[in-house]
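Chains as they are written, first to last, in this note's numbering: chain A, 102 to 604; chain B, 13 to 308; chain C, 82 to 431.
No residue lacks a Cβ here, since even glycine has one placed at the ideal position from N, Cα and C.
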């Protein structure tokens with residue numbers, strides 16, 4: 102159906118794809134697996150004409166093709182569902198589906214005809230959705246169906262799906278896989294990009310494994326195992342558990358009672374949550390993304406308008422009611438945010454100026470007279486200290502943060518937050534988009550901080566990560582705590598069940 | 013006060029709204045495509061000057077109007093290329109065009125007419141006092157239809173809301189944006205031409221005197237929708253009509269005129285109030301002002 | 082090396098604008114060589130040329146700084162024009178109402194009035210953005226028109242000398258006048274209105290530099306401009322920063338009133354600003370939003386404005402409008418820097 106031959110692609114200095122060869126047979130479900138940043142999405146975006154390859158060729162139906170834009174790909178029967186949905190929120194389902202492939206004439210858009218075709222397709226592939234609904238009124242699962250319909254509407258024979266299950270609950274995943282299988286029955290070819298091995302084994306016929314921009318293996322799913330795939334992905338045997346001594350928890354540091362967050366629209370992403378984190382323990386929060394984790398952490402960090410937050414938060418005996426982000430930091434709350442580019446860094450600023458974010462306004466960073474001026478010597482010293490202790494590379498305090506790799510950016514943030522000697526550390530997705538070496542380093546540092554008596558509240562979308570790092574594990578579902586388990590005894594399956602069903 | 017509200021006030025309101033409607037609808041095409049257009053003022057000046065100069069030279073207002081439109085397209089294409097192709101800040105580019113169009117008419121009229129910024133008087137029989145009015149009020153339903161009932165309109169709105177999504181759907185984002193900005197140039201230029209060869213009979217230095225900005229205000233006031241924008245233009249036209257009439261008409265008991273400055277402020281104050289969300293919220297197209305470029 | 086890289090594109094932009102301007106001149110049958118030699122020559126002629134160039138650069142340094150400070154906070158202040166009008170009027174008002182006070186008191190009061198009035202006029206759109214999220218670009222445009230109408234009203238109805246046909250206020254008291262530099266420099270004629278405000282402009286550049294890069298407040302302002310979400314995370318109130326930045330920006334723009342009212346015309350003259358506020362955007366842009374760059378850019382634009390006068394007088398067809406064409410073209414080329422970057426990449430492989 103489609104074949105990528107010797108595809109290479111560079112973004113700036115990063116070699117995203119390095120002589121990549123992928124061959125997808127017609128009528129199969131082909132999984133492309135690899136760690137974050139392995140180059141899976143880049144390869145597939147090239148196949149969809151979204152990026153232009155630096156070199157190499159693309160063969161569709163045994164003919165070499167030039168794909169200069171998505172339009173060329175669409176014309177060849179290739180459709181793609183991006184990880185972040187490509188939908189116009191304010192428009193209707195039908196408008197989104199016909200966009201770029203409009204029915205009617207130049208002078209008159211015929212949405213009625215389109216709606217009829219959408220209904221037929223919906224029935225054929227069991228993708229029920231109302232063509233007249235507006236996108237912003239739909240659930241994430243429904244939006245995904247719109248994306249699939251968009252591709253099918255354009256007569257796609259090959260569907261490329263980029264991390265399609267990241268936003269779905271396990272139930273929805275099952276349903277989704279049923280849809281994929283029925284599509285294969287009807288002769289469609291499907292490429293699914295993922296880093297979840299269980300899903301690969303459950304759905305695919307063939308697997309291509311990528312690492313560091315290269316293809317490192319291609320196997321038939323029925324001839325392989327999770328262990329083999331993991332080995333290929335990581336390049337060595339995978340460390341499944343973090344080595345950590347048992348926790349010796351002390352008194353409660355953070356206690357959260359009847360805690361809720363309400364959005365401007367009136368939704369409650371966090372709904373009446375009560376829990377405690379003690380000194381010297383890591384409490385993990387597991388859950389499907391979008392179940393209130395983000396809002397919970399941001400609210401605890403003081404980043405959500407206090408008028409939209411209710412309930413009690415007590416830090417080491419002191420109420421945090423009404424305390425803003427700055428005040429909370431002063432009281433000993435450190436925060437490693439889930440999105441380091443959006444929240445954690447001033448990308449254009451140097452490492453120096455990033456290293457003082459949050460403490461920039463007080464001694465020793467400021468100096469006399471009146472603690473108005475920044476002490477450049479002190480700032481440099483502090484930055485070099487963080488760089489050394491957290492192995493930030495390249496070790497140049499004047500470089501802009503943008504020029505660092507994801508792992509080094511994360512280490513800089515972690516170093517900065519650890520400098521606070523926090524009583525409580527709020528940490529979200531500590532290893533997202535971080536290379537393997539740095540992941541281990543970060544895990545070790547978190548455990549060390551815990552052993553130093555800090556209370557750690559950890560959120561991660563990687564079930565393995567929360568299960569192996571946490572001393573206690575809370576499961577969040579639709580903004581409420583669905584249960585608590587002991588991660589050393591609980592199985593992933595049991596946790597998964599709580600993540601989806603609530604109680 | 014009774015004598016103020018009569019037929020002649022209505023007719024002058026319509027006349028004064030015409031350039032605003034044309035420019036505001038022009039702005040609508042650019043901004044719904046995601047390109048801020050504070051260059052409306054300059055585009056109107058381009059249309060006004062070219063239309064007057066060419067009408068004077070050829071004796072035909074139709075050729076003059078056409079030339080004005082071409083000038084508007086040409087100047088708009090500068091805005092388009094700078095802000096779409098080269099991702100320049102759209103507000104900055106727009107400001108540059110406004111400054112440019114303060115300079116070019118003066119520069120050219122100095123050379124062509126040996127004047128300091130105005131064209132010679134155009135004979136009355138060469139003016140078109142009615143056509144632009146008809147065009148302005150016809151442009152409203154046409155714009156509505158184009159926006160909501162044609163594939164082009166769908167693409168225009170998509171590009172202004174979420175260019176990534178439009179791109180992924182195989183739409184050439186830059187091309188649609190070019191079209192939006194060029195349309196704004198053509199329409200604003202007609203609005204300007206109306207000032208010089210419709211309402212009056214020559215071009216004078218900076219004759220738009222801020223109408224491009226009022227049109228922009230009307231566009232925001234009208235929430236980037238064609239019919240509401242027209243209503244806003246009519247309202248702003250009315251305030252202008254009243255300002256003109258009140259000079260020397262209404263006296264305070266002390267014998268002073270009611271300061272026209274206060275009525276002049278009305279559109280601007282209202283725009284601020286509307287933007288602040290006091291009279292219904294006015295939400296701009298989501299990608300407004302954001303150049304689109306994907307990594308390549 | 083870094084400095085060279087910073088300078089490269091602005092210089093290329095200016096040179097390209099001169100080429101475009103030359104084409105305009107050629108198109109109407111003029112001589113670019115004659116035009117430019119008049120333009121540049123007269124701007125550099127001692128003492129009048131240089132004196133006027135510096136005098137005309139003074140308001141542009143203030144507005145260029147104003148736009149730069151706002152820009153560093155992620156805001157585009159295109160309301161400097163309105164801010165400087167309000168400020169100039171406030172300056173004149175203090176100079177008229179408190180004319181009897183001694184100079185040592187009156188002058189600081191006038192300067193303070195200029196800064197305060199500009200700051201308030203700038204802070205309003207800042208507050209509107211912080212409180213309601215409404216876009217500062219639109220609001221500053223609107224505030225420009227409101228300023229002009231409001232000041233026009235005060236001038237016309239309350240502070241005009243009865244019978245004066247010109248829209249201007251009564252003169253300020255002589256105690257409010259600030260010194261012209263001719264008083265200090267031998268051989269420099271006092272008729273050139275270059276005054277102490279020029280020195281104040283240079284001082285402001287120094288203050289802005291120290292403020293932005295060496296104080297915690299400047300850090301917070303720049304952090305807000307660089308990434309507001311991250312600034313919030315770092316305990317910075319971005320709403321407060323937006324208001325502060327707009328107030329500082331407005332205050333700097335307001336300093337134009339000191340040059341105009343206390344140092345030049347000694348009264349408020351309606352419509353005195355030669356688009357200073359808008360040209361300030363060009364100055365900031367060309368000066369890379371850095372105080373030192375702003376000084377050089379303002380000098381260039383001041384020289385152009387000065388040079389426009391003899392161009393008007395001594396060429397057959399070319400009018401001083403060429404200056405506006407040059408200014409606009411410079412802005413376009415600086416704003417669309419990618420144009421040169423891409424061109425350069427094609428010629429020289431980096």
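*asked:* Let me make sure I understand the geometry here. Which of 33(B), 47(B) and 35(B) has the alpha-carbon closest to that of residue 188(B)?
replied: In the second chain, the residue the question calls residue 188(B) occupies position 176. When each option's Cα is compared against that of residue 188(B), the closest is 47(B).
*Over what stretch of residues does the alpha helix (DSSP H) that includes residue 214(A) continue unbroken?*
Counting from one through the first chain, the residue named residue 214(A) turns up at place 113. Residue 214(A) -> alpha helix (DSSP H) spans 212 to 226.
*Check whether the stretch 102 to 122 of chain C touches the stretch 351 to 363 of chain C, taking contact to mean three or more Cβ pairs, one atom from each stretch, closer than 8 Å.*
no
*Quick one, which of 138(B), 20(B), 120(B) and 32(B) has its alpha-carbon nearest residue 249(B)'s?*
The residue labelled residue 249(B) in the question sits at position 237 within the second chain. Closest by alpha carbon: 32(B).
_Suppose contacts are defined by Cβ-Cβ distances below 7 Å. Is residue 574(A) in contact with residue 588(A) by that definition?_
As a position in the first chain, residue 574(A) is number 473, starting the count at 1. As a position in the first chain, residue 588(A) is number 487, starting the count at 1. Yes. Within cutoff.
*Would you tell me roughly how many angstroms separate the C-alpha atoms of residue 157(A) and residue 582(A), rounded to the nearest one?*
Numbered from its first residue, the first chain carries residue 157(A) at position 56. Numbered from its first residue, the first chain carries residue 582(A) at position 481. Cα to Cα, residue 157(A) sits roughly 50 Å from residue 582(A).
*Can you give me, in chain order, the residues of the stretch 272 to 303 of chain C that have a beta carbon less than 9 Å from any beta carbon in chain A?*
291, 294, 295, 296, 297, 298, 299, 300, 301 and 303
_Mapping the DSSP letters down to three states, classify residue 28(B) as helix, strand or coil._
For this step, residue 28(B) is matched to residue 16 along the second chain. Note: residue 28(B) maps to helix in three-state DSSP.
*Can you tell which of 510(A), 388(A), 320(A) and 456(A) has the C-alpha that lies nearest to the C-alpha of residue 540(A)?*
Residue numbering aside, residue 540(A) sits at position 439 when the first chain is read from its first letter. The shortest C-alpha separation from residue 540(A) is found at 510(A).
*Of all the residues that make up the stretch 203 to 224 of chain B, which are near chain E by a beta-carbon distance shorter than 7 Å?*
Absent from the structure is chain E; the protein chains it does hold are A, B and C.
*asked:* Using C-beta distances below 8 Å, list every residue in its chain close to residue 248(C), excluding the 5 sequence neighbours before and after it, in chain order.
replied: Counting from one through the third chain, the residue named residue 248(C) turns up at place 167. 233, 236, 237, 241, 350, 351 and 352, listed in sequence order.
*What residues match up with residue 112(A) in a beta bridge as DSSP calls it?*
Translated into the one-based positions of the first chain, residue 112(A) becomes position 11. 115(A), per the DSSP bridge assignment.
*Would you list the one or two residues that DSSP bridges to residue 260(A)?*
As a position in the first chain, residue 260(A) is number 159, starting the count at 1. Paired residue(s): 180(A) and 291(A).
*For my contact list, residue 158(B) and residue 164(B) are in at a C-beta cut-off of 8 Å; report their separation, rounded to the angstrom.*
Sequence index remark: in the second chain, residue 158(B) carries index 146 (1-based). Sequence index remark: in the second chain, residue 164(B) carries index 152 (1-based). 6 Å between Cβ atoms; contact.
*Hey, how far is the Cα of residue 455(A) from the Cα of residue 150(C)?*
Taking the first chain and counting its residues from 1, one reaches residue 455(A) at position 354. Taking the third chain and counting its residues from 1, one reaches residue 150(C) at position 69. Distance between the alpha carbons of residue 455(A) and residue 150(C): 21 Å.
*Looking only at its own chain, which residues have a Cβ that is under 8 Å from the Cβ of residue 109(B), when we skip the five neighbours before and after it?*
Taking the first residue of the second chain as 1, we reach residue 109(B) at position 97. Result list for residue 109(B): 51, 54, 55, 87, 90 and 91, in chain order.
_Contact defined as beta carbons within less than 8 Å: I believe residue 192(C) pairs with residue 339(C). What is the distance between those atoms, to the nearest angstrom?_
Numbered from 1 along the third chain, position 111 holds the residue referred to as residue 192(C). Numbered from 1 along the third chain, position 258 holds the residue referred to as residue 339(C). Right, their Cβ atoms sit about 5 Å apart.
_I want to see whether chain C comes within less than 7 Å of residue 48(A), judged by CB atoms only; does it?_
For chain A, the structure presents residues 102 to 604; residue 48(A) sits outside this window and is missing.
*So, do the stretch 212 to 220 of chain B and the stretch 100 to 117 of chain C have three or more beta carbon pairs nearer to each other than 8 Å?*
no
*Can you list, in chain order, the residues of the stretch 208 to 229 of chain C whose Cβ is nearer than 9 Å to any Cβ on chain B?*
209, 212, 213, 214, 215, 216, 218, 219, 220, 222, 223, 224, 225, 226, 227 and 229
*asked:* Using C-beta distances below 8 Å, list every residue in its chain close to residue 329(A), excluding the 5 sequence neighbours before and after it, in chain order.
replied: Position 228 of the first chain, counted from the start, is the residue given in the question as residue 329(A). Answer for residue 329(A): 320, listed in chain order.
*asked:* Do residue 580(A) and residue 370(A) count as a contact pair if the criterion is CB distance below 7 Å?
replied: Stepping through the first chain from its first residue, residue 370(A) is reached at position 269. Stepping through the first chain from its first residue, residue 580(A) is reached at position 479. Yes, these two residues count as a Cβ contact at 7 Å.
*asked:* Helix, strand or coil for residue 260(B)? Go by DSSP, reduced to three states.
replied: For the purposes of this step, residue 260(B) is taken as the residue at position 248 of the second chain. Its pLDDT being 49, under 50, residue 260(B) is placed unreliably by the model, and the measurement read from it follows with that caveat. If DSSP states are grouped into helix, strand and coil, residue 260(B) belongs with coil.
*asked:* Can you confirm whether residue 358(C), when its beta carbon is compared against all beta carbons of chain A, has any partner nearer than 7 Å?
replied: Taking the third chain and counting its residues from 1, the one referred to as residue 358(C) is at position 277. Judged by the 7 Å Cβ criterion, residue 358(C) is not in contact with chain A.
_Top-ranked residue by Cα proximity to residue 259(A), from 125(A), 411(A), 107(A) and 183(A)_ = Translated into positions along the first chain, residue 259(A) becomes position 158. Residue 259(A) has its Cα closest to that of 125(A), out of 125(A), 411(A), 107(A) and 183(A).
*Answer with yes or no whether the minimum CB distance from residue 296(B) to chain A is below 7 Å.*
Taking the first residue of the second chain as 1, we reach residue 296(B) at position 284. Answer no: the Cβ-Cβ gap between residue 296(B) and chain A never drops below 7 Å.
*CB contact flag (residue 198(A), residue 154(A), <7 Å)*: What you label residue 198(A) is simply residue 97 of the first chain in a count that begins at 1. What you label residue 154(A) is simply residue 53 of the first chain in a count that begins at 1. No, the pair does not count as a contact, with Cβ atoms beyond the cut-off.
_Same chain only: Cβ atoms within 8 Å of residue 524(A), ignoring 5 sequence neighbours per side_ = For the purposes of this step, residue 524(A) is taken as the residue at position 423 of the first chain. Counting only Cβ-Cβ distances below 8 Å, and skipping sequence neighbours, we find 354, 380, 416, 417, 432, 433, 434, 555 and 556.
_Contact under 7 Å by Cβ, residue 315(C) with residue 459(A)_ = By 1-based counting over the third chain, the position of residue 315(C) is 234. By 1-based counting over the first chain, the position of residue 459(A) is 358. Yes, Cβ-Cβ distance for residue 315(C) and residue 459(A) is below 7 Å.
*Can a CB atom of chain C be found closer than 7 Å to the CB of residue 260(B)?*
Position 248 of the second chain, counted from the first residue, corresponds to residue 260(B). The pLDDT assigned to residue 260(B) is 49, lower than 50, so where the model puts this residue is not dependable, and the model offers no usable value.
*asked:* With a threshold of 7 Å between beta-carbons, can residue 310(C) be considered close to chain A, or not?
replied: As a first step, residue 310(C) is located in the third chain; it is residue number 229 there, counting from the start. Yes, residue 310(C) lies at the interface with chain A (some Cβ there is under 7 Å from its Cβ).
*Simplified DSSP state of residue 247(C), which is helix, strand or coil*: The sequence position of residue 247(C) within the third chain is 166, counting from 1. Reduced to three states, the DSSP call for residue 247(C) is coil.
*asked:* Could you check whether residue 491(A) and residue 516(A) sit closer than 7 Å to each other, using their CB atoms as the reference points?
replied: Taking the first residue of the first chain as 1, we reach residue 516(A) at position 415. Taking the first residue of the first chain as 1, we reach residue 491(A) at position 390. Cβ distance < 7 Å, so residue 516(A) and residue 491(A) count as in contact.
*Can you pull the chain C residues whose beta carbon is under 7 Å from the beta carbon of residue 123(B), in chain order?*
The count along the second chain starts at 1 and reaches residue 123(B) at position 111. Residues of chain C passing the Cβ test: 109 and 398.
*Tell me which same chain residues have a C-beta within less than 7 Å of the C-beta of residue 210(A), skipping the five on either side of it?*
Here the question's residue 210(A) lines up with position 109 in the first chain. The answer, listed in chain order, is 203.
_Can you confirm whether the stretch 320 to 340 of chain C touches the stretch 154 to 163 of chain C when touching is taken to mean that 3 or more C-beta pairs between the two stretches lie within less than 8 Å?_
yes
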